[in-house]
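Position 78 of the sequence shown, counting from 1, maps to 78 under the UniProt record's numbering, and the rest follow consecutively.
First the structure, in the form of structure tokens, and then the observations on it.
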Amino acid sequence: MTLEGYSEETVRLVGYGREDCSDLHSWGPGVRAFYIIHYVIRGAGFLECGGKRFRITAGESFLLYPYTELFYYPDPEDPWEYTWVDFTGKEIGRLLSRTGFSFSWPVAPVIGAEDILPLFDRLGRLDFLSRGKGEANGLLLAILGVYGDIFPAPQVPARKEDDRLSTALLLIQGNYHKADFNVERLCTAMHVNRVTLYRLFSGKLGVSPNGYISHYRLEQGKKLLEMGFSVKNTALSCGFSDPFYFSRAFKAYTGMAPAAYKAGPPQIS
């Protein structure tokens with residue numbers, strides 16, 4: 001991947017760091033606002049997300065998706081040290097679709113430190129907040145390129161429609177929190193018209209694109225309320241600029257007002 005055709009709006013590095021968790025430092029439970037890739041330099045630890053628990057060891061990596069509840073912590077018997085990079089942008093969903101990362105399996109197998117650690121280390125030497133933004137974004141693309149080459153998306157016999165649907169779902173997952181994200185913007189990002197997108201969703205999922213986006217936002221809203229977020233912050237985090245409209249939509253979807261759901265979501269017997 002190169003910077004040609006990319007701008008800071010489409011691909012943007014947000015932060016970089018390196019953490020030695022010998023003190024058993026953990027993060028969460030909580031949600032992140034951006035995508036974050038962690039590469040484990042040494043030791044081991046655990047990631048809990050999506051109802052699953054992953055043990056991750058030296059050389060492996062894990063991807064955190066924005067606005068998804070997660071918890072990660074070191075193995076007390078062998079605490080990890082990792083380096084990380086967080087990023088955002090309109091093209092990130094498409095770039096990640098070239099890798100083997102997914103919501104159901106956000107962990108990459110071992111990648112040799114010599115293949116990827118120099119890229120992270122170089123980021124650490126940049127003052128990308130005030131200078132070197134172009135170089136920083138170039139290094140981000142290089143890192144994603146390594147994952148795309150060594151940990152590519154699985155090659156399965158799929159029709160063009162299936163590929164398009166996967167791309168659409170990734171774009172929704174990466175952009176649903178933006179108030180201006182809608183079907184029109186999804187069509188623009190995928191270079192398809194509304195009719196094509198409607199046929200794709202209705203044929204594969206039995207729901208319209210707008211319906212899917214609304215349902216996805218409300219499902220994420222349920223998770224944030226269960227975590228103790230206020231109704232207003234939940235609405236804004238899920239792409240609703242008007243908390244009152246969110247409350248009406250949430251009640252129509254769940255049968256409960258957000259405040260009541262936050263106080264005690266219905267128990268499934």
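Glycine residues also receive a C-beta, built at the ideal position from the N, C-alpha and C atoms.
Inset, instruction - Identify every residue that forms a DSSP beta bridge with residue 53. - result: By DSSP's assignment, residue 53 forms a beta bridge with 48.
Inset, instruction - Please state whether DSSP places residue 108 in a helix, a strand or coil. - result: For residue 108, the three-state secondary structure derived from DSSP is strand.
Legend entry - Pick from 120, 99 and 77 that is closest to residue 85, judged by C-alpha positions: Per the C-alpha coordinates, the member of 120, 99 and 77 positioned closest to residue 85 is 120.
Legend entry - Backbone secondary structure at residue 255 - three-state DSSP: DSSP places residue 255 in coil when its eight states are reduced to three.
Inset, instruction - Alpha carbon to alpha carbon, how far is residue 72 from residue 79? Give it in angstroms, no decimals. - result: For the pair residue 79 and residue 72, the Cα-to-Cα distance works out to about 12 angstroms.
Legend entry - Three-pair Cβ contact test at 8 angstroms for the stretch 163-180 versus the stretch 86-105: Between the stretch 163-180 and the stretch 86-105 there are three or more inter-stretch CB-CB distances shorter than 8 angstroms, so the stretches are counted as touching.
Inset, instruction - With residue 38 as the anchor, note down where its beta strand (DSSP E) starts and where it stops. - result: That run of the beta strand (DSSP E) goes 35-42.
Inset, instruction - Could you spell out the range, first to last residue, of the beta strand (DSSP E) harbouring residue 208? - result: From DSSP, residue 208 is part of no beta strand (DSSP E); its letter is neither H nor E.
Legend entry - Cβ shell of residue 260 (< 8 angstroms), same chain only, five flanking positions each side left out: Around residue 260, the same chain offers no residue with a beta carbon nearer than 8 angstroms, after the five sequence neighbours per side are excluded.
Inset, instruction - Output the distance between the C-alpha atoms of residue 114 and residue 146, rounded to the nearest integer angstrom. - result: A straight-line Cα-Cα distance of about 11 angstroms links residue 114 and residue 146.
Legend entry - Alpha carbon of residue 14 to alpha carbon of residue 34, nearest angstrom: Approximately 8 angstroms between the Cα atoms of the pair.
Inset, instruction - Could you tell me how far apart the beta carbons of residue 109 and residue 60 are, in whole angstroms, since I believe they sit closer than 8 angstroms? - result: With a beta-carbon spacing of about 6 angstroms, residue 109 and residue 60 fall inside the 8 angstroms limit used to define contacts.
Legend entry - residue 269 to residue 102 span [Cα, whole Å]: Because the pLDDT at residue 269 is just 38, under 50, the model does not fix this residue reliably, and the point stays unresolved.
Legend entry - Spatial neighbours of residue 214 in its chain, beta-carbon cut-off 6 angstroms, leaving aside the 5 residues before and after: Apart from sequence neighbours up to five positions away, no residue of its chain approaches residue 214 with a beta-carbon distance below 6 angstroms.
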